[in-house]
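Student:
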Amino acid sequence: MVRSKSSFLPRLALNRPVTVIMTLIALLVVGYIAFTQISLDLMPAGFAPPFLGVAVPYPNSNPQEVEEQIAKPVEQQIQTISGVRRIRSSSSSNGCWTFIEFAQGTDMDFAYDQLRDRMDRVKAELPEDVERVYPRKFGNDDTPIIWVALVENEPHDDPYLLVEQQLKKPLERIDGVATVEIWGAVEKSVLLQINQDLVKSYKINLYEVIQRLRRDNFSISSGFIKEGNRKIYVRSFGKFQSLEEIRNLPIRGTNLRLRDIAEVKYDVPERRWRVNIDGKRAITLEVMKESVANTVELSREVGKLFEQDFKNDPKLSGFRMEVLFNQGQFIEDSIENLQRTAMWGGLFAFFILYFFLRRFRMTIIVVLAIPLSTLITLIVLYFMDWSLNIITMMGLMISIGMVVDNSIVVLENIYRKRAANKSDRQASLEGTSEVALAVTLATLTTVVVFLPLILMNDNVGFRFFMLRIGLPVIVSLIASLFVAMVFIPLAATRIVSRRKVSEPKAIKKSNSIYQKGLAWAITHRMAMFVILVFAMMSMQWAASNTKRSNDQHGNINDFRFIFDMPENFTIEDAEQVFKTVEDTVRTKSDVYGVKTILARHSHNWGTLRVFLEPPAKKDWYEIAYENIAKSVGLMKEGFMSREEVIEDAKKRLPDFPGVDVRTSWHEQSVGDEASLAITLYGDDTGTLAMLAKEVERRLRSIPEIISIETDREKGADEIHLEINREQAKMYGISPTTISGTVQYALRGFPLPKYQTEEKEIDVRIQLREEDRRNLSQLKNLTFFTSSGKEIPLDAVANFKVKKGLGEIQREDGKTFLMVKANTTKDNMGQVYRKVDQVMKGFEMPYGYSWNKGQNFRRMQESDENFNFAVILSITFVFLLMGFLFESFVLPLSVILSIPFSFLGAFWIMYLTGTPIDMMSLIGFVILVGIVVNNAIVLIDLINRLRNEGYTRFDAILEAGKQRYRPILMTAFTTIGGLIPMAIGNASMIGIPYAPMGRTIIGGLLTSTLLSLIAVPWAYTLFDDMREYFKKLTALYIYKPKAHAPELAQAE
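The letter at position 389 of the sequence shown is residue 1780 when you use this note's numbering, and the numbering goes up by one with no holes.
1) Which two residues bound the contiguous alpha helix (DSSP H) that contains S1935?
2) Nearest to K1656 by alpha carbon, out of G1444, M2031, E2017, N1639?
3) Would Q1718 be called buried (16 or more neighbouring beta carbons within 10 Å of its own) or exposed?
4) Between which two residues does the beta strand (DSSP E) carrying V1445 extend?
5) State the Cα-Cα distance for the pair K2042 and W1932, rounded to the nearest angstrom.
6) By a C-beta neighbour count over all protein chains shown, 10 Å radius and 16 as the cutoff for buried, is Y2355 buried or exposed?
7) Among P2045, I2069, F1950, F2344, which residue has its Cα nearest to the Cα of T2101?
8) What does D1955 pair with, by DSSP beta-bridge criteria?
9) Kindly indicate the opening and closing residues of the beta strand (DSSP E) around N2325.
10) Starting from Q1351, trace the beta strand (DSSP E) in both directions and tell me its first and last residue.
11) Determine whether the beta carbon atoms of I2129 and F2190 lie at a separation below 9 Å.
12) Please work out which residues of its chain come closer than 8 Å, Cβ to Cβ, to K2422, disregarding the five sequence neighbours upstream and downstream, and give them in chain order.
13) What three-state label does DSSP hand N1804 in the structure shown?
14) Let's test the definition: count the other Cβ atoms within 10 Å of the Cβ of Y1598 and tell me whether it reaches 16, buried, or not, exposed.
15) Report the rounded CA-to-CA distance for Q2228 versus V2086, giving the unit in angstroms.
16) Would you call the CB atoms of S1867 and T1765 closer than 9 Å?
17) Using the Cβ count rule (16 or more neighbours within 10 Å means buried), how would you classify R1911?
18) CA-CA distance, S1935 and G2394?
19) With respect to the alpha helix (DSSP H) encompassing L1517, which residues constitute its N-terminal and C-terminal limits?
20) Using the three-state DSSP reduction, which class does T2214 fall into: helix, strand or coil?
21) Give a yes or no on contact between the region 1662-1678 and the region 1987-1996, applying the rule of three or more CB pairs nearer than 8 Å.
22) Once the 5 residues before and after G1908 are set aside, which same chain residues still bring their CB inside 7 Å of it?
23) Please confirm whether any heavy atom of the ligand SAH lies closer than 8 Å to the CB of T1732.
24) Excluding five sequence neighbours on each side, which residues of the same chain lie with their C-beta closer than 6 Å to the C-beta of G2388?
25) Alpha carbon to alpha carbon, how far is A2326 from D2345? Give it in angstroms, no decimals.
26) Determine, using beta-carbon pairs with one atom in the region 2238-2256 and one in the region 2073-2092, whether at least three such pairs fall under 8 Å.
27) Could you tell me which uninterrupted beta strand (DSSP E) segments, each at least 3 residues in length, are contained entirely in the region 1545-1577, listed from first to last along the chain?
28) Quick check on the burial criterion: 16 or more other C-beta atoms within 10 angstroms. Buried or exposed for M2309?
29) With three or more beta-carbon pairs closer than 8 Å as the criterion, would you say the region 1688-1699 touches the region 1729-1744?
30) Where in the region 1667-1738 do unbroken runs of the beta strand (DSSP E), each at least 3 residues long, occur, reported from the N-terminal end onward?
31) Count the other CB atoms within 10 Å of the CB of E1635; is the residue buried (16 or more) or exposed (fewer)?
32) L2090: buried (16+ other C-beta within 10 angstroms of its C-beta) or exposed?
33) Quick one, which of M1793, Q1584, M2272 has its alpha-carbon nearest E2161's?
34) Per DSSP, A2068 forms a beta bridge with which residues?
35) Can you confirm whether the region 2037-2051 touches the region 1969-1989 when touching is taken to mean that 3 or more C-beta pairs between the two stretches lie within less than 8 Å?
36) Whose C-alpha, out of Q1557, K1594, N1406, L1431, is nearest the C-alpha of S2178?
Here it is as structure tokens:
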């Protein structure tokens, strides 16, 4: 291999030392500015998930009505939006929620604008009493930056108005606050409560009264008139000016007024939702930020307002304020945790280097690659206008132990040249230049593994976040290469002395043993092959027995109980369920570490959110000590972990007939499922229900499944009112009048808003509560003919009680039903395999189908993405090594170190009980680029020694001897940098980094130990193969020439 005598960068550094020092000072100054000025955020800005949603509240209805009148028109409009991949709607008695998934790469801002336009169009097709349609956009700004609870210590006449005036409006005036949402308090409305007995006594049709009210409260643009040169616009105004005017509205003639048949009052309407904090009535405020606002700074400003102004406001003295969640504080704690983890990783790297080098100055020089590379990375992030968040911080953490690798290789080679009695300058120049190409390509192998992760075009979200992880790693490694090529050779000539330091005895002895083992492996290649085969077989066993997890843990300090209750529950029934559960949790609060319990529920659905005491800030060594002390009985167990609390609490909860309770640790949307969900698709809901029973029967044979629920089971009894058209026609009553009267009486109806000087106030008309409690009252609802004859409702309609659906779900126009199951195992891979077994032979009618739900699809996509990333990473690494070795065969000996790394990764995950999740998969991909570095430098040295005249056997032994210590140093500094991550509690929004740290550590341990022997062993095999192919090729090429004289003689 032809090499230049000296590389440009080390020659520049030695010829222009002042330039290098000035460059270093400039980097330090600019890096410090970038570090102090870069913004802090929880998550990187700029990503919009390819999902949108539409909520259409329609309370006191039924699922079939919502499906026909709301879900289908909404779906038809959404289908006209470009880029829609999937539409899933859920129709219930409370309204319709539609979830829209878009194709990857869709411009979500434009899609959201299209959705708002379509929803404006669809309003004309919806029932007239649908008050609002809410398009929803998902993203980082969906999470409140501050979540505050106001516990009512004393009752207030109008708590909503008080909170709105004293809290909501001042908060929304803060620059950066988008909106403040109030939960638990309802704005007062004008309520018209009709007295059925009075309506009957005056012989009035309720339907006509409501139509009159709708007509008489108006404001209409009526055109314009011209007077001279002036154009004057005319507006017809008939809006109610006061409550008294509404009360005095004539109903019939001049004598009968609205006040004679109804109570008109300005009051809080019937509460459909209740919010409690620790068993007391409460109001919660969720402060949402604008997309451009800085979360940390805005959280500080909002928090300061709460602490200094609101708590001292005498008007709010009847409330106790409690901050449930502060995203800014959460970000600062997460960043601080990561910084401490990174600092400890750097210290580990320093002590490991010093153990090997035994030179303080030399160790300092190498370790300086960590802060220098980090500062350069911060400069790049700052000028790219990126924030320092938990994603970019993870990239910096990964690179901590890796950035010293290049400096170790360069400095080791410089010292080897010095040992050969070369001058300091010559040793620095030759030592750096000699390994320049190898360390450059070794660095590039780590860089290129992020390319498939970044270039994946089937998952924009994954690509977005991998770019935020990968770019800091890439910049840090390139910066470390610059430090190794420029700073290290200069420092070696100016700072490091030539004093010889003896190598640690342990290293010498282990190197000697290694030499014997290496010689044995090369001379006993078949025995070595058998050993490696058994090792890889053990990896297969460990991999198949390692747990799989697809959980997204969320904020680690809270979890939720989610309740689905029967439709016939009253809100008081629901509150009793919640009180029982809260009391059950409270009895173990000293073990669970319960801080606050927030309950939010309607009559048939709700959540109980348990906030746990935040864990004390601890470094990795404190966590390690506590785990050891607890295992040997030297320390009492502290609070349970969140997962332990969930499991224990679920066992203690009493059974509530008809109530389904499940747990979660993240906000759910329409697409969420249980841990396992079989989804059945078809046109007829009854057929789907029959198929669901068979699916349920099959699933119950799986031991790991502990509970099964079918969507249809949530349905309540319904009264089907069938209008007798003949009878109605005979009495002169139209079907529209009948259905409208029932709707207005039971559900109520919004009238045009009542305008005051300050604001518009909702107006709603409905029968009194005591007139709409039971079926007999409904049957006695009366109509009057033109002759004044009284006709009860049951005279023109038939009543049938049927079992209704709790929810009707549709996907892409097809009805579907989900059979949901909760499992006891984290290893969902094994559970899904058992599902395949029990569902084998399950026959579906024509036009019907089933699948294993979205969780399975996501897990499958994750596996496919991982396999694609690994294969593409190996391909890129192979191409780079072909460039270095100028060979198609020799790179295969280096590639062999990759499966050896997977061997250690799977075993360490199995032994520590660590599940394979998103973080561990990222660790596997990163391993591909890390573990080949040592093999590259080792094979490169073998080739150089052979070019210098060594035999292959001697070259392998000598290269192993020379590279033994540097390989151990680079491996153990990377491992040392990751130890705090693997042991500590650093996490990304509650998703721990530990699986990734353990994956990389396990992979590095086995790949280092096995690669020192197996890579040279494989090198001999592939070198023999190369020689064989050379001979074969030569024989094929030159064989015709050998017969040339014979051919000539024949001619």
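A virtual CB, placed ideally from N, CA and C, is assigned to each residue, including glycine. These numbers were taken from a predicted model, which means no experiment stands behind them.
Tutor: Reading from the atomic positions:
1) 1916-1935
2) N1639
3) buried
4) 1442-1448
5) 33 Å
6) buried
7) I2069
8) W1996, D2051
9) Run containing N2325: none in the beta strand (DSSP E); it sits in the alpha helix (DSSP H), 2323-2338.
10) No statement about residue 1351 is possible, as the shown extent of the chain runs from 1392 to 2442 and does not include it.
11) no
12) none
13) helix
14) buried
15) 12 Å
16) yes
17) Position check: residue 1911 holds Trp in this sequence, whereas Arg was assumed. Per the 10 Å Cβ criterion, exposed.
18) 17 Å
19) From DSSP, L1517 is part of no alpha helix (DSSP H); its letter is neither H nor E.
20) strand
21) yes
22) I2404
23) Ligands in the displayed structure: none, and consequently the ligand SAH is not present.
24) L2369, M2372, A2373
25) 17 Å
26) yes
27) 1568-1574
28) buried
29) no
30) 1671-1680, 1710-1717
31) exposed
32) buried
33) Q1584
34) K2211
35) yes
36) K1594
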